[in-house]
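Residue numbers (the UniProt record's numbering): 1 to 450. Note that the Cβ used here is the ideal one computed from N, Cα and C, for glycine as well.
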């Protein structure tokens, strides 16, 4: 069962060349942060290009519950009347973050240094995910968290009445944890410092500066040191959300799988902390042009033009690239199955605690489709069959994970036999127009198991 209704199977059949332009969704990471920082500013923040997937809609509902006025004016056009740093009201109801690990962790950080009590829950997938990696550093500010065994939702967080600033070194690369600590630091006096050994996506730092926070970033021998001065008055902004490179990855990789394809995806974020997949695709021999580079909403963007001009080859993805493409490994694994040779992905332990255990989900699904794989706790190796030799014919479990569902539907467009995903409904959490946009390119996607 999905989070919001009955399971919805979908089947992908071998398709002709994909052609056309894809207007992929707004960036999910930027969308969450725009709503949260808009709620913490004083005045009206205007947002265009907001992703209207369920994950982001759940964050919008949470900001309303904290007292902000959040209004939709049209497709992707929203405004937020903020309550100021430290101005969150105590919600009357439980905050349901649905499927969104990003949403719940960032919201926990944003409220952890305000003296309110909040209970969080989510769907079956989110409620199985560990929250200790966020609640442990938030406890250093003075917040307290009480959840189920293993630090899982449902969980009640009691915000610190007298928060203190924190200096925290991330034990593992995580933009979610970094962002939660920085958001908590907004309402703590003095300087909150986060140290990361490996750079992770920096949307929070960019946006905090845009909203008027005093924040510095310094590369030092101990790592990347981010220092935030607490208790600013954030200024409302006009935020243009760029297109999500993680969502764009699906039509991009599908075009590289299906022979003869040529697809354009305009306005995709080229943030250097998010473009690891696209660097990897170039290394695999992909024909990608990055056209019309420019800046939108403080983020570098470009138009992507992808041509299927021949077979790709397997590569070894360096572990230090993982943070810049952590959400793209499922679709990379599917693409690697169609390449020549072996693709090795190391340093990806973080995938074990995403919406599903994504290493296991991809390994089992690829094996069911006739692809040979090897896995360890921290790696996945895919032995490519070539685009013409993917057997397919499997019914794959999505495990309530939108990226697993979309990855196997893309693989089904090139496999000999159709691939069915047992439940495609989680796709709506991040890419509600996936089916319509892919079908418009020529993809043969059908509801049901045939």
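Could you give the residue range of the alpha helix (DSSP H) that holds residue 378?
No alpha helix (DSSP H) holds residue 378; DSSP gives it neither H nor E.
Taking only the alpha-carbon atoms, compute the straight-line gap between residue 432 and residue 213 and give it to the nearest angstrom.
33 Å
Nearest-angstrom beta carbon gap, residue 115 and residue 159 [assumed within contact, 8 Å]
5 Å
Excluding the 5 residues preceding and the 5 following residue 208 in the sequence, name in chain order all residues of the same chain whose CB lies nearer than 6 Å to its CB.
215
Where does residue 46 sit, in a helix, a strand or coil, going by DSSP?
strand
Pairing CB atoms from the segment 261-275 with CB atoms from the segment 288-308, are three or more of them under 8 Å?
yes
Quick test of your reading: residue 359 and residue 371, contact by CB under 8 Å. State the CB separation rounded to the nearest angstrom.
At roughly 14 Å, the Cβ-Cβ gap does not stay under 8 Å, so residue 359 and residue 371 are not in contact.
Compute the Euclidean distance between the alpha carbons of residue 249 and residue 187, then round it to the nearest angstrom.
36 Å
Counting pairs of Cβ atoms below 8 Å between the segment 192-211 and the segment 223-237, do you hit three or more?
yes
Have a look at 383, 426 and 350 and flag the residue whose alpha-carbon is nearest the alpha-carbon of residue 322.
350
When you compare only the Cα positions, how much space is there between residue 34 and residue 106?
11 Å
Just how far apart, CA to CA, sit residue 84 and residue 41?
5 Å
One or two residues paired with residue 451 in a DSSP bridge:
The structure shown does not extend to residue 451, since the chain is modelled only from 1 through 450, so no value can be given for it.
Measuring CA to CA, which of 252, 87 and 92 is closest to residue 36?
87
Excluding the 5 residues flanking residue 59 on each side, which residues of the same chain have their C-beta closer than 6 Å to its C-beta?
32, 35 and 103
State the start and end residues of the unbroken beta strand (DSSP E) segment that holds residue 185.
No beta strand (DSSP E) holds residue 185; the alpha helix (DSSP H) holding it covers 175-185.
Helix, strand or coil at residue 319 [DSSP, three-state]
helix
Between the CA atoms of residue 73 and residue 448 - distance to the nearest angstrom
35 Å
Quick one, are the C-beta atoms of residue 121 and residue 127 less than 8 Å apart?
yes
With 16 as the cutoff for other CB atoms within 10 Å, does residue 93 come out buried or exposed?
exposed
Report the partner residues of residue 385 according to the DSSP bridge assignment.
340
Is the CB-CB distance between residue 256 and residue 332 below 8 Å?
no
Residue environment, residue 282, which counts as buried when at least 16 other CB atoms sit within 10 Å:
exposed
N- and C-terminal bounds of the beta strand (DSSP E) containing residue 229:
223-229
So, at 7 Å on beta carbons, what are the nonlocal neighbours of residue 141 in its own chain, with the 5 sequence-adjacent residues on each side left out?
112, 113, 160, 163, 164, 166, 184 and 188
Can you tell me where the beta strand (DSSP E) holding residue 444 begins and where it ends?
444-447
To which residues of the same chain is residue 380 closer than 7 Å at the C-beta, ignoring the five residues directly before and after it?
333, 345, 348, 359, 362, 363 and 373
Which residues share a DSSP beta bridge with residue 13?
444
Between the CA atoms of residue 246 and residue 175 - distance to the nearest angstrom:
15 Å
Which same chain residues, not among the five before or five after residue 138, have their C-beta less than 8 Å away from its C-beta?
108, 109, 112, 145, 157, 180, 181 and 184
Could you pull out every residue in the same chain whose Cβ sits closer than 7 Å to the Cβ of residue 439, ignoring the five residues on either side in sequence?
445
CA-CA distance, residue 278 and residue 330?
14 Å
DSSP beta-bridge partners for residue 300?
295
Grab the span of the alpha helix (DSSP H) containing residue 137 for me, first residue to last.
132-141
Taking the straight line between their C-alpha atoms, what separation do you get for residue 457 and residue 6?
Nothing about residue 457 can be reported from this structure: the residues present for the chain run from 1 to 450 only.
Buried versus exposed, by CB contacts within 10 Å (16 or more), residue 291
exposed
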